[in-house]
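Everything below concerns the one structure shown next.
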Amino acid sequence: MKIKKIDSSSYSKEIYYLLENGEVYYKYSSWYTPEKLPLSNVVDIAASENGYIALLEDGSIVIDRYVDSPNSFDYSGLSNIVTIKSEYNTDVYYALDSDGNLWGMGYSSYGNLGFVSNYISTPIVIYSRLDGEIKDFY
109 MKIKKIDSSS
119 YSKEIYYLLE
129 NGEVYYKYSS
139 WYTPEKLPLS
149 NVVDIAASEN
159 GYIALLEDGS
169 IVIDRYVDSP
179 NSFDYSGLSN
189 IVTIKSEYNT
199 DVYYALDSDG
209 NLWGMGYSSY
219 GNLGFVSNYI
229 STPIVIYSRL
239 DGEIKDFY
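With the first letter of the sequence shown counted as 1, position 111 gets the number 219 in the working numbering; the numbers rise by one all the way through.
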């Protein structure tokens, strides 16, 4: 099976491999053998400082931070997601929905989400389609 995308976090050395069939493999550093993650139908993945955000075919997302047990994000209200991103070497996650709303969640200790806060566990709207049209972000 061919690799569709590779993403990594230089901070914690995780490497994620998204295959064309929607499966995801993970390994810590180049010294370890990749292990299959319990995900399927993945269309995009973005590594963070301590985990990842994955976009599924149905427009839903999965966030896994291996430092949380259990995962402490409540993103169940998000749907129709078309694009995801994670900030480089942070645990801030972004999701753009089909209506043009940009959602954010995670550790906003540097004001990444528009204000300083230790932890945003429920997604907040950072940019609304009412503010103008947005199709992608970096």
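Even glycine gets a Cβ: it sits at the ideal position worked out from N, Cα and C.
How many angstroms separate the CA atom of I111 from the CA atom of N149? 14 Å
To the nearest angstrom, report how far apart I234 and S137 are at their CA atoms. 33 Å
Have a look at T230 and D166 and give me their C-alpha separation to the nearest angstrom. 20 Å
Output the distance between the C-alpha atoms of V200 and M109, rounded to the nearest integer angstrom. 31 Å
What residue range does the beta strand (DSSP E) around G53 cover? This structure leaves residue 53 out entirely; the chain is present only between 109 and 246.
At which residues does the beta strand (DSSP E) containing W211 begin and terminate? 210-216
On the DSSP bridge assignment, give the partners of S117 in chain order. DSSP, once it has assigned bridges, lists no residue as partnering S117.
I153 beta carbon less than 8 Å from that of K121: no
To which residues does DSSP link T191 through a beta bridge? L204
Taking the continuous beta strand (DSSP E) assigned at S225, which residues delimit it? 225-235
Among S156, N158, W139, G130, which residue has its Cα nearest to the Cα of L145? G130
In whole angstroms, give me the CA-to-CA distance for N226 and W139. 33 Å
For L126, which of helix, strand or coil comes out of DSSP? strand
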